[in-house]
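See structure below.
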Amino acid sequence: MSRELLVNITPQETRVAALDNGSVQEIHIERARSRGLVGNIYLGQVSRVLPGMQAAFVDAGLQRTAFLHASDINASQALVDRPSHEPRSIQHLLREQQRILVQVLKDPIGGKGARLTTQIAIPSRYLVLLVDNPGVGVSARIESASARERLRAIGTSLLDGDPHKGCIFRTAAENASEQALARDWQYLQRLWASIHARAQEAQPTTLLHEDLPLMMRVLRDSVDEDVERIRIDSREWHERMLSFSETFLPDARSRLEHYPGERPIFDLYGVEDEIQRALQRRVTLKSGGYLIIDQTEALTTIDVNTGGYVGHRTLEETIFKTNLEAAQAIARQLRLRNLGGIIIIDFIDMETAEHRRQVMRSLAKGLEHDQARTQISEVSSLGLVEMTRKRIRESLQNQLCVSCPTCGGRGHLKSAETVIHEITREILREARQFEMTRLMVLAAQDVVDRALEEESDSLAELEAFIGKPIVFQAEPLYNPEQFDVVLM
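Residue numbering for the sequence shown follows full-length UniProt numbering, starting at 1 and increasing by one per position.
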C-alpha cells in the first residue's frame, strides 16, 4: 500500500491529508486560534469534588473547568489509605483546592470541558514515558513474539528499577536499534525533569508543557515504513520539519519534499473536493447505492440504501454486494470525518448468515489501519450494527461548521403552510385581546406568496371572521419561520 502525507500551511491554519493509494483517508486540521489541547500538561486546582459522579472539576486555566474521573487518577496519589475491601472513591483521592498535575485526554467537545488524567504520559518517536506508573508495555500492533521480547528486555534495562516510571514501546520501535531507543528515552527523561521542575515553582492554572504543533505530531506519530513521502507546500516549514527530523526522525528526512507548484496542493490531489463531500449527509457508492450519515450529539447513524443499484442476479446478491461496498466506505468515512462515540449502522437486511459474517469482516478489515480504538458488536435482532470509536477531538463537521442560524441546528425548517397556520392562530389571539383597525403581517417572501395565492380563500374567511383587513408584507431579512403580526 502506497501512503502519502500532504501538508498545507497558511498563517491561520495547518491541514494534513493522509492518502492511501491516492485516496484521501484522513484530514487533520489545526487553527492558530484554537489549537488542540490533547497531550498538554497543566498545574491545575481542584474546584469541586463530586462524590455522586466519582469525579471532580479542575481549573486548569482553560475556558471551562475540566473533568477528571476517579478512574483517571493514579492510585499512588491517594490522600488517605483505604481498606482493601472498600471500592476506590474520589474522596480518597482528591480534596477541593488541591493542586494537581494533569494532562488533557480529550479536547473540549460541544458544551463539555476537556477530559483530564493524572496518569501523565509523554510520547516521543519510539517510546511513551509513564509517570508514577511502573512497568513495560509494547504496542499491540507489534505482533512478532521475538520483537516484543527484545523490546521488553530493553525497556527493563532503560527503567533500571525506577519505581516511579514506566514506558510503552510504540509501533515504530519494532525495528529501531537499541541506541536509538536509548536516545529517545534520554530525551523523555530530560523533558520530564524540566516539566517537574517547573511544576514545583508554578502557580495553579499554569501550562507546563504543550504538545508539538500538528505538522510535527504527524512526523512523530504517523510516519512509518508505509509512508513513501511527505509533501509540504511551505518552504519555511519544510526547512523546520527537516531540522526536526534530523534530531528525532533521521529515517524520515529523505521522504520530506517541498511542493513549489502554483496550483494549491490540496486541489492537485482532489483533497478540497473530498472535504466538501465529507460535509454532506449523502455518500454515493460506485455501484449506485448510497449512505446517509446523520451526526448528532448523542450518536451517529449510518443508513445503507441500494439506490440505483439493481444487481444482475438475485435480490439477496444485490443486497450483499451493496452492504460489502458500504462496509468499506463506512470504515473510510469514519476516519475521514473523524466520527466518534456511539455509531449505529443500518445495513440492508440480509437473509444469509454467511453474508452477514462477510460484511462484518469487511468492516473490521477496513478499520484495521484506524488509529482510533474501535469496538464492533454483531448484527442485532433488529438488523443494526452497534459500534464505538474513541472520540479524542472534534469531528470534521464540528471543526468546519456551525449550527444553522435559521433552523438552530435541527436540519429542517417549518413549511410555509405550517407558518401560515401559526400566523392565523396569532391573528385570532390578537383580535380577541386588542382593538385595531387593521393588521399587518411581516413574513418571509415564500410565506407571503403562499398566503396570497394558495391560501387566499382562507385569508378572506379569516378577515370576514375578525371583521378587520389583513395586509401581508414580505421582509427579505426574515428567515422562513419568522413572522410578526402588527396591529394598526
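The beta carbon of each residue, even a glycine, is placed where N, CA and C say it ideally should be.
What is the DSSP secondary structure of HIS92, reduced to helix, strand or coil?
Along the sequence shown, read from residue 1 onward, the residue named residue 92 stands at position 92. The answer is helix: DSSP assigns HIS92 an H, G or I state.
Which ranges would you report for the beta strand (DSSP E) in the region 326-389 if only whole runs of at least 3 residues count? Within the region 326-389, the complete beta strand (DSSP E) segments at least 3 residues long are 341-346, 374-379 and 385-389, listed from N- to C-terminus.
Indicate whether ILE73 and LEU127 have their beta-carbon atoms separated by less than 8 Å. For the purposes of this step, residue 73 is identified with residue 73 of the sequence shown, where counting begins at 1. For the purposes of this step, residue 127 is identified with residue 127 of the sequence shown, where counting begins at 1. Contact: no.
Helix, strand or coil for ILE142? Go by DSSP, reduced to three states. For this step, residue 142 is matched to residue 142 along the sequence shown. Look at ILE142 here: in three-state DSSP terms it is coil, with no helix or strand label.
Leaving out the 5 sequence neighbours to the left and right, which residues in its chain are closer than 6 Å to GLU407 when beta-carbon positions are compared?
The residue you call residue 407 lines up with position 407 of the sequence shown. Looking at the sequence shown, residue 407 is not Glu but Cys. Around CYS407: LEU413.
C-beta atoms of ARG220 and LEU208 nearer than 8 Å = Within the sequence shown, residue 220 is the residue found at index 220, counting from 1. Within the sequence shown, residue 208 is the residue found at index 208, counting from 1. Contact: no.
* Under 8 Å, do ALA60 and ARG48 count as touching if we go by C-beta distance? -> As a first step, residue 60 is located in the sequence shown; it is residue number 60 there, counting from the start. As a first step, residue 48 is located in the sequence shown; it is residue number 48 there, counting from the start. Contact check for ALA60 against ARG48 fails: the beta carbons are separated by 8 Å or more.
- Query: With respect to the alpha helix (DSSP H) encompassing LEU459, which residues constitute its N-terminal and C-terminal limits?
  - Reply: Reading the sequence shown from its first residue, position 459 is the one you call residue 459. Annotation for LEU459: the continuous alpha helix (DSSP H) segment containing it runs 456-466.
Can you tell me whether ASP221 is helix, strand or coil according to DSSP?
The residue labelled residue 221 in the question sits at position 221 within the sequence shown. Per DSSP, reduced to three states, the secondary structure at ASP221 is helical.
query: Measuring CA to CA, which of ASN479, GLN63 and MET53 is closest to ALA70?
result: Taking the first residue of the sequence shown as 1, we reach residue 70 at position 70. For the options ASN479, GLN63 and MET53, the alpha carbon positioned closest to that of ALA70 is the one of MET53.
* Please name the residue in GLU454, ALA180 and LEU428 whose C-alpha comes closest to that of PHE465. => The sequence position of residue 465 within the sequence shown is 465, counting from 1. Comparing Cα-Cα distances from PHE465 to each of GLU454, ALA180 and LEU428, the minimum goes to LEU428.
(message) Bridge partners for MET440 per DSSP, in chain order?
(response) The sequence position of residue 440 within the sequence shown is 440, counting from 1. Under DSSP, MET440 shares a beta bridge with VAL471 and VAL486.
Taking a contact to mean a Cβ-Cβ separation below 8 Å, would you say GLY39 touches VAL104 in this structure?
Working through the sequence shown from its first residue, we reach residue 39 at position 39. Working through the sequence shown from its first residue, we reach residue 104 at position 104. Their beta carbons are under 8 Å apart, which means GLY39 touches VAL104 by this criterion.
Next on the checklist: The alpha helix (DSSP H) that contains ARG425, what's its start and end?
Outcome noted: Taking the first residue of the sequence shown as position 1, residue 425 is located at position 425. That run of the alpha helix (DSSP H) goes 416-433.
### Message
Below 8 Å, how does it come out for the region 93-101 and the region 136-156: are there three or more Cβ pairs, yes or no?
### Response
For the pair of segments examined, the region 93-101 was found not to touch the region 136-156: the number of CB pairs separated by less than 8 Å stays below three.
**Prompt:** Does the beta-carbon distance from SER362 to LEU315 come in below 8 Å?
**Reply:** For the purposes of this step, residue 362 is taken as residue 362 along the sequence shown, with counting starting at 1. For the purposes of this step, residue 315 is taken as residue 315 along the sequence shown, with counting starting at 1. No. Outside cutoff.
Beta carbon of GLU238, beta carbon of LEU256: below 8 Å?
Walking along the sequence shown from the start, residue 238 turns up at place 238. Walking along the sequence shown from the start, residue 256 turns up at place 256. Looking at the sequence provided, one finds His at residue 238 rather than Glu. In terms of Cβ geometry, HIS238 and LEU256 form a close pair [threshold 8 Å].
Nearest to ILE389 by alpha carbon, out of VAL283, ASP107, VAL271 and THR300?
Along the sequence shown, read from residue 1 onward, the residue named residue 389 stands at position 389. The residue you asked about is not Ile; residue 389 is Arg in the sequence shown. Per the C-alpha coordinates, the member of VAL283, ASP107, VAL271 and THR300 positioned closest to ARG389 is THR300.
Do three or more CB pairs link the region 385-400 to the region 340-348 at distances below 8 Å?
-> Output reads yes: the region 340-348 touches the region 385-400.
For the beta strand (DSSP E) that residue 570 lies in, which residues bound it at each end?
This structure cannot settle anything about residue 570, because the visible part of the chain is limited to 1 through 488.
*Nearest neighbour of ILE27, chosen from GLN399, GLN482 and GLU228 [CA to CA]*: For the purposes of this step, residue 27 is taken as residue 27 along the sequence shown, with counting starting at 1. For the options GLN399, GLN482 and GLU228, the alpha carbon positioned closest to that of ILE27 is the one of GLN399.
Item checked: Simplified DSSP assignment, three categories, for ARG313 -> Residue numbering aside, residue 313 sits at position 313 when the sequence shown is read from its first letter. The answer is coil: DSSP assigns ARG313 none of H, G, I, E or B.
I'd like to check one pair, SER124 with TYR187: are the Cβ atoms closer than 8 Å? Walking along the sequence shown from the start, residue 187 turns up at place 187. Walking along the sequence shown from the start, residue 124 turns up at place 124. Their beta carbons are under 8 Å apart, which means TYR187 touches SER124 by this criterion.
inquiry  = For LEU159 and ARG170, what's the separation of their Cα atoms in angstroms?
reply    = Against the sequence shown, residue 159 aligns to sequence position 159. Against the sequence shown, residue 170 aligns to sequence position 170. Their backbone Cα atoms lie some 16 Å apart in a straight line.
**Prompt:** So, are the CB atoms of LEU371 and LEU339 less than 8 Å apart?
**Reply:** As a position in the sequence shown, residue 371 is number 371, starting the count at 1. As a position in the sequence shown, residue 339 is number 339, starting the count at 1. The sequence shown places Gln at residue 371, rather than the Leu named in the question. Against a cut-off of 8 Å, the Cβ pair of LEU339 and GLN371 comes out as no contact.
Alpha-carbon spacing of CYS401 relative to ALA18, whole angstroms:
Here residue 401 refers to the residue found at position 401 when the sequence shown is read from its first residue. Here residue 18 refers to the residue found at position 18 when the sequence shown is read from its first residue. CA-CA distance, CYS401 to ALA18, rounds to 21 Å.
*Which of the three DSSP states, helix, strand or coil, is assigned to HIS69?*
The residue given as residue 69 occupies position 69 in the sequence shown. Looking at HIS69 - three-state DSSP - the assignment turns out to be strand.
Alpha helix (DSSP H) segment containing VAL448, residue limits: Within the sequence shown, numbered from 1, the residue matching residue 448 stands at position 448. For VAL448, the enclosing alpha helix (DSSP H) starts and ends at 445-452.
* Asked: Using the C-alpha atoms, what's the distance from GLN473 back to residue 540?
  -> Residue 540 lies beyond the stretch modelled for the chain, which goes from 1 to 488, so this question has no answer here.
Quiz prompt | Paired residues, beta bridge with PRO123 - DSSP | solution = Walking along the sequence shown from the start, residue 123 turns up at place 123. The partner list for PRO123 (beta bridge, DSSP) reads VAL128.
### Task
Under the assumption that VAL218 contacts VAL16 (Cβ atoms under 8 Å), give the Cβ distance between them as a whole number of angstroms.
In the sequence shown, counting from the first residue as 1, residue 218 sits at position 218. In the sequence shown, counting from the first residue as 1, residue 16 sits at position 16. About 5 Å; that satisfies the 8 Å criterion.
* Stretch pair the region 284-295 + the region 263-271: three plus CB contacts closer than 8 Å -> Output reads no: the region 263-271 does not touch the region 284-295.
DSSP puts PHE57 in a beta bridge; with which residues?
Your numbering for residue 57 matches position 57 in the sequence shown. For PHE57, which the question treats as bridged, DSSP gives the partners ARG48 and PHE67.
CB-CB length for ARG253 against GLU262, believed under 8 Å: Within the sequence shown, the letter at position 253 stands for residue 253. Within the sequence shown, the letter at position 262 stands for residue 262. About 26 Å separates the beta carbons of ARG253 and GLU262, which is beyond the 8 Å limit, so they are not a contact pair.
Self-check item: CA-to-CA distance, ILE109 to THR117, given in whole angstroms
Solution: Counting from one through the sequence shown, the residue named residue 117 turns up at place 117. Counting from one through the sequence shown, the residue named residue 109 turns up at place 109. Going from the Cα of THR117 to the Cα of ILE109 covers about 16 Å.
What does the alpha-carbon distance come out to for the pair residue 496 and ILE376? Shown here, the chain extends from 1 to 488; a query on residue 496 therefore has no answer.
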